[in-house]
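For reference, the structure discussed in these notes is given below.
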Amino acid sequence: MVDCIVKTFKSDGLIGLYRGFNVSVQGIIIYRASYFGCFDTAKGMLPDPKNTPVIVSFLIAQTVTMFSGIMSYPFDTVRRRMMMQSGLKKNEMIYKGTLDCWRKIAAQEGSSAFFKGALSNVFRGIGAALVLVFYDELKALL
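All letters in the sequence shown, in the order written, are residues 5 to 146 by our numbering.
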């Protein structure tokens, strides 16, 4: 990992280490806001939210995790594309910046390109759903 950081710093400078950072923060904000907001809202709509069975909490959490992951996935796609340019010379770069990346993906590949690989992200979200349920159960105990 240190070797990767050193090589990136040598080829791109400090800016290369943070390529894709802004869009990453934007995606995290969208993911976490929908993740926690939708879970609490959905639980609050139940007849007795404080006594929700764990399996029901898990199903709600899994649905919320899938929804949040899909909502924020385009930001992950742009972030990955920006990060893949690290180490390239200026004239080899496909994207001039984050906004240019959004525009080119939409224009050249269509909106479905933003969601390539989203299904594997959904499967990976099972762990995140469990964390949400455990957090909710721990909160109830305290």
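Glycine residues also receive a C-beta, built at the ideal position from the N, C-alpha and C atoms. Quick caveat, the model's predicted, so the values are computed rather than measured.
Contact check between the stretch 72-85 and the stretch 27-43: three or more CB pairs, one atom from each, fall below 8 angstroms, which counts as touching. Of the other Cβ atoms in all chains shown, 16 or more fall within 10 Å of the Cβ of residue 35; this residue is therefore buried. When 97, 49, 42, 123 are compared, the shortest CA-CA separation from residue 74 is found for 123. A direct Cα-to-Cα measurement between residue 32 and residue 97 gives close to 25 angstroms. In this structure, DSSP gives residue 107 a helical state, which the three-state scheme calls helix.
The C-beta of residue 65 has 16 or more other C-beta atoms within 10 Å across all chains shown, which makes the residue buried.
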